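Here the structure is laid out as structure tokens; the discussion comes afterwards.
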Amino acid sequence: MKTTLLVLLIVLVQLYEALNCYSCSGTTGCNDPFNSLGSGVSTTGTNTANTYCIKINYIGTIYRSGGTTCTNYWYSSNAYQTCCQSDFCNRTTEIKLNFNLIIILSFYVLILFLN
Numbered sequence: 001m002k003t004t005l006l007v008l009l010i011v012l013v014q015l016y017e018a019l020n021c022y023s024c025s026g027t028t029g030c031n032d033p034f035n036s037l038g039s040g041v042s043t044t045g046t047n048t049a050n051t052y053c054i055k056i057n058y059i060g061t062i063y064r065s066g067g068t069t070c071t072n073y074w075y076s077s078n079a080y081q082t083c084c085q086s087d088f089c090n091r092t093t094e095i096k097l098n099f100n101l102i103i104i105l106s107f108y109v110l111i112l113f114l115n
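Put into structure tokens, the structure is as follows:
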């Protein structure tokens with residue numbers, strides 16, 4: 001039991017390390033379909049404090065970056081912001097499940113398991 005809790009704690013600490021995200025702003029490589037080797041695309045690196053990777057589409061111009069806060073926002077098919085919490089996840093057009101929800105559900109399952 002104690003070993004399971006220790007492993008879970010180690011995994012959770014590792015999950016909160018800074019994220020690598022793609023970074024670009026309206027360049028050819030930044031557009032959809034995304035090309036990570038395209039013009040104007042770089043990576044943020046883990047030396048920044050990114051807890052989210054972000055993709056913004058504003059009237060057909062795509063922006064990708066990292067940040068410490070983010071909220072999924074959908075106005076229309078050509079005006080939205082998506083947030084995700086895994087390395088380089090802002091390359092996709094999908095909205096991912098919120099990482100905080102995954103953590104809360106994991107703790108809930110753990111509590112059920114311990115009782």
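Our numbering puts the first residue of the sequence shown at 1, with every later residue one more than the last. A virtual CB, placed ideally from N, CA and C, is assigned to each residue, including glycine. Just so it is clear, the structure is predicted and the values come from calculations on it, not from any experiment.
Between the alpha carbons of CYS83 and PHE107 lies a gap of roughly 22 Å. With a 10 Å radius around the Cβ and a threshold of 16 neighbouring Cβ atoms, ASN47 comes out exposed.
Here ILE59 is not near GLN81, since their CB atoms are 8 Å or more apart. Membership of GLN81 in the beta strand (DSSP E) is indicated by the continuous run 79-84. Residue nearest to GLY40 within the set CYS89, ALA79, ARG64 and ASN72 is ARG64 (criterion: CA-CA distance). Sequence-distant partners of PHE34 (beyond 5 residues in either direction) whose C-beta falls short of 6 Å from its own C-beta, in its chain, are ARG91. If you draw a straight line from the Cα of THR69 to the Cα of ASP87, it is about 16 Å long.
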